[in-house]
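Asks:
Protein chains in written order, with the numbering used here: chain A, 127 to 311; chain B, 25 to 309.
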C-alpha cells in the first residue's frame, strides 16, 4: 500500500488490468501472500503432521510460529496487512486445550472484537481469519489453508481493495455529517 | 446545573482544604476568553474563588489526578464522566479510591464554547450523575440515556468499499498529534506503543497507513475499557468522529460477551478483553 489513496487506487486498477505484481517479477502471475500465525503446541504440530503425511497445500502461505495464539498482538495482524500480506490467518489450539491453559480464550475474545473492528473500518471479510486446529488435525490444517488461499486468490491483492475515487468523494459528505455538533472542539 | 453551584463547590473546596481532608482540589477556572474554562488545581483555601463550575466546563478533569499521585488525597468535582474516569483509573491500579475525594454533581450537559450548541459527547452521555462519590452537592438529575449507536448503525449498513472510503478519508486527515490519547482516561500506560523506541511499531512517517495504524490500535487498546466520555473526539483538532470506533466495540462486546454498558462503572466486573468464560460464543472452529 502506498502513501495516498489515489496512488493505491491507481495501483489497484493497473493490477486489475492484469499487470504483474511488482514483487513477482516480469510476466509472472500474481500470487497471494498469506501470513499464518501458528501456535507452537497445536497448529504448528498439525502443519508438521500434514507434511509428514505428504499432504499437498498451496505454498502461498507463510507459517510464523508463535508460542500461543494469545501471543498474537492485534498490531501484528494490522501491520502484516499493511506491509504486503493479502491475508492473515491466526491459528491456535482448540479452546480448552491451550498449553498455557487460557491463552486461546483470551485470543478468542480479542480477535473476535478486533476482527469486527477491522471489517467495520473497511477490511474485506475473509482477509483476516482465525481457526482452531489441533496437533492431530493435519487434514483440517490442509483444508483450512486451501480454503483461505482460494478465498484470498479470488479477492485479489490487498491493493485492489482500495476504494474508488467515487467512493472517496462520497465519503467526504458522510464524514462531514458524522462530525456532528462537537466539530473540532 | 444550578446557578449557585459555583458557590457551593467553592465552599466545599474551602472546607475540605482547610480541614486537611484533601491536599488539593481539581476543578475549572475561567480562561482567556468568554465561555472558555480550563482545569485548575487549587492548593490553598485562599484560592478557591478561582473555581467556576457551570455549563461551559467542557474538559474532563479526572486524568489530572495522575499528576498528583502521592501528594495525599485529591479532591475533585465529579460529574458522571469524571466519576467513571476515576473508576477506570482505580480499576487500572493508577490511583486508589481512598486517594480521591469526589464531590459529586449532577450534570445536564455542557455547551460548545464556540456558539453554545450542546456538545456531542454530552448528547450521547449515558451517566449524567456520578456513579461513585464521597459527597453530593445539589440534586441528582434525570438520566435520559439517549441511543448512542446511530452513527455505528449508519456505517455498518454501508458496503465494505464505502466503509473503507469513509475511514480512508477520516484517517488521512489525522494529524498524528496524539491529543486523543493524551486526554483519554483509559490511556494511562506509563509507556505507549506510539512512543516506543523500537523500530516498527509506529514510525514517524506521516501517511494513511501510519494514521490508520494509530487510529485503530489506539481504539482497540482502549476498546474494552472506554468510558465513553467522548474526550478523544472533543480534543481532536481535526474534528474526526473517533467515538464511532469506540461505540462499535462497546456494542460488539455487549452482544458477544454482554451485558456490557461501557467501562468505568462500579459494577462492571473484570474488563471483557482481560477475562474470559469457557462457554464464550465460538465462531473460529
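We put the CB at the ideal spot given by N, CA and C, even for glycine.
What does DSSP give as the partner residues of residue 217(A) in its beta bridges?
Replies: Beta-bridge pairing links residue 217(A) to 164(A) and 257(A).
Asks: Could you check what DSSP says for residue 52(B) in three-state terms: helix, strand or coil?
Replies: Of the three classes helix, strand and coil, the one that applies to residue 52(B) here is strand, per DSSP.
Asks: According to DSSP, is residue 124(B) part of a helix, a strand, or is it coil?
Replies: Correct three-state label for residue 124(B): strand.
Asks: DSSP state of residue 102(B), grouped into three classes?
Replies: In the structure shown, residue 102(B) sits in a strand (DSSP, three-state: E or B).
Asks: Assess contact between the stretch 105-117 of chain B and the stretch 203-211 of chain B, defined as three or more Cβ pairs (one per stretch) separated by less than 8 Å. Is contact present?
Replies: Yes, since at least three Cβ pairs between the stretch 105-117 of chain B and the stretch 203-211 of chain B fall closer than 8 Å, the two stretches touch.
Asks: Got a sec? Which residues, its chain only, sit under 6 Å from residue 259(A) by beta carbon, not counting five neighbours each side?
Replies: Only 169, 172, 217, 266 and 267 meet the Cβ criterion.
Asks: Residue 195(A): buried (16+ other C-beta within 10 angstroms of its C-beta) or exposed?
Replies: Counting Cβ neighbours within 10 Å, residue 195(A) comes out buried, since at least 16 surround it.
Asks: Could you pull out every unbroken alpha helix (DSSP H) segment of at least 4 residues lying fully inside the stretch 29-96 of chain B, listed in chain order?
Replies: For the stretch 29-96 of chain B, whole alpha helix (DSSP H) runs of length 4 or above, ordered along the chain, are 29-42.
Asks: For residue 166(A) versus residue 193(A), is the C-beta distance shorter than 7 Å?
Replies: Yes. Within cutoff.
Asks: Pop quiz: residue 206(A) and residue 161(A) are said to be a contact at Cβ under 8 Å. What is the actual Cβ separation, rounded to whole angstroms?
Replies: That pair is a contact at about 5 Å.
Asks: Cα separation between residue 209(A) and residue 279(B)?
Replies: Spanning the two alpha carbons is a distance of roughly 32 Å.
Asks: Taking its Cβ as the centre, do 16 or more other Cβ atoms sit within 10 Å of residue 304(A), making it buried, or is it exposed?
Replies: Looking at its Cβ environment, which holds 16 or more other Cβ atoms inside 10 Å, residue 304(A) is buried.
Asks: What is the DSSP secondary structure of residue 192(A), reduced to helix, strand or coil?
Replies: In this structure, residue 192(A) counts as strand in the three-state DSSP scheme.
Asks: Note down, one range per segment and in chain order, each alpha helix (DSSP H) of at least 4 residues found wholly within the stretch 195-249 of chain A.
Replies: With a minimum length of 4 residues, the continuous alpha helix (DSSP H) runs that stay inside the stretch 195-249 of chain A are 200-208 and 229-246.
Asks: Which ranges does the beta strand (DSSP E) cover as unbroken runs of at least 3 residues, wholly within the stretch 130-193 of chain B, from first to last along the chain?
Replies: Here no run is fully enclosed.
Asks: Measure the C-alpha to C-alpha separation of residue 127(B) and residue 42(B) and round it to an integer number of angstroms.
Replies: In a straight line, the C-alpha of residue 127(B) is about 16 Å away from that of residue 42(B).
Asks: Could you pull out every residue in the same chain whose Cβ sits closer than 7 Å to the Cβ of residue 48(B), ignoring the five residues on either side in sequence?
Replies: Same-chain partners within the cutoff: 65, 66, 67, 92, 95, 98 and 99.
Asks: Output, in chain order, the set of chain B residues within a Cβ distance shorter than 9 Å of residue 243(A).
Replies: Here the neighbours are 240, 243, 244, 247, 269, 272, 273 and 276.
Asks: So, are the CB atoms of residue 101(B) and residue 55(B) less than 7 Å apart?
Replies: Result no, Cβ atoms of residue 101(B) and residue 55(B) do not sit closer than 7 Å.
Asks: Would you mind giving the Cβ-Cβ distance between residue 163(B) and residue 133(B), rounded to the nearest angstrom? I have them listed as a contact below 8 Å.
Replies: Contact doesn't hold; Cβ gap of about 16 Å is too wide.
Asks: So residue 85(B) contacts chain A; which residues on that side make the cut at Cβ distance below 8 Å?
Replies: Neighbours of residue 85(B) on chain A: none; closest Cβ ~17 Å, over 8 Å.
Asks: Report the rounded CA-to-CA distance for residue 187(B) versus residue 284(A), giving the unit in angstroms.
Replies: Each residue's Cα considered, the two are about 15 Å apart.
Asks: I want to verify the contact list: residues of chain B whose CB lies under 7 Å from the CB of residue 252(A), in sequence order.
Replies: None at all; the shortest Cβ gap to chain B is about 10 Å.
Asks: Closer than 7 Å, CB to CB, is residue 236(A) near chain B or not?
Replies: Closer than 7 Å to some Cβ of chain B, the Cβ of residue 236(A) qualifies, so yes.
Asks: Give me the Cα-Cα distance between residue 294(A) and residue 254(A), rounded to the nearest whole angstrom.
Replies: Distance between the alpha carbons of residue 294(A) and residue 254(A): 23 Å.
Asks: Would residue 157(B) count as contacting chain A if we go by Cβ distances under 7 Å?
Replies: Cβ-Cβ to chain A under 7 Å: no for residue 157(B).
Asks: Could you tell me which residues DSSP puts in a beta bridge with residue 187(A)?
Replies: Bridge partners of residue 187(A): 160(A).
Asks: Which of the three DSSP states is assigned to residue 118(B) in this structure?
Replies: Residue state, collapsed to three classes: coil.
Asks: Please check if any C-beta of chain B sits within less than 7 Å of the C-beta of residue 279(A).
Replies: By this cut-off, residue 279(A) is not an interface position.
Asks: Three-state secondary structure (DSSP) at residue 252(B)?
Replies: Of the three classes helix, strand and coil, the one that applies to residue 252(B) here is coil, per DSSP.
Asks: Give, in chain order, every residue of the stretch 207-240 of chain A whose Cβ lies closer than 8 Å to some Cβ of chain B.
Replies: Those would be 208, 220, 221, 222, 228, 231, 232, 234, 235, 236, 237, 238, 239 and 240, in chain order.
Asks: Does the Cβ-Cβ distance between residue 244(B) and residue 200(A) come in under 7 Å?
Replies: It is a contact, given that the beta carbons lie within the stated cut-off.
Asks: What does the alpha-carbon distance come out to for the pair residue 216(B) and residue 175(B)?
Replies: Roughly 29 Å separates the two Cα atoms.
Asks: In angstroms with no decimal places, state the Cα-to-Cα distance between residue 114(B) and residue 172(B).
Replies: Computed Cα separation, rounded: 26 Å.
Asks: With contact counted as at least three CB pairs below 8 Å, one residue from each stretch, are the stretch 137-145 of chain B and the stretch 177-186 of chain B in contact?
Replies: Output reads no: the stretch 177-186 of chain B does not touch the stretch 137-145 of chain B.
Asks: What does a CB cutoff of less than 8 Å around residue 240(B) pick up in its chain, not counting 5 residues either side in sequence?
Replies: Taken in chain order, the residues that qualify are 269.
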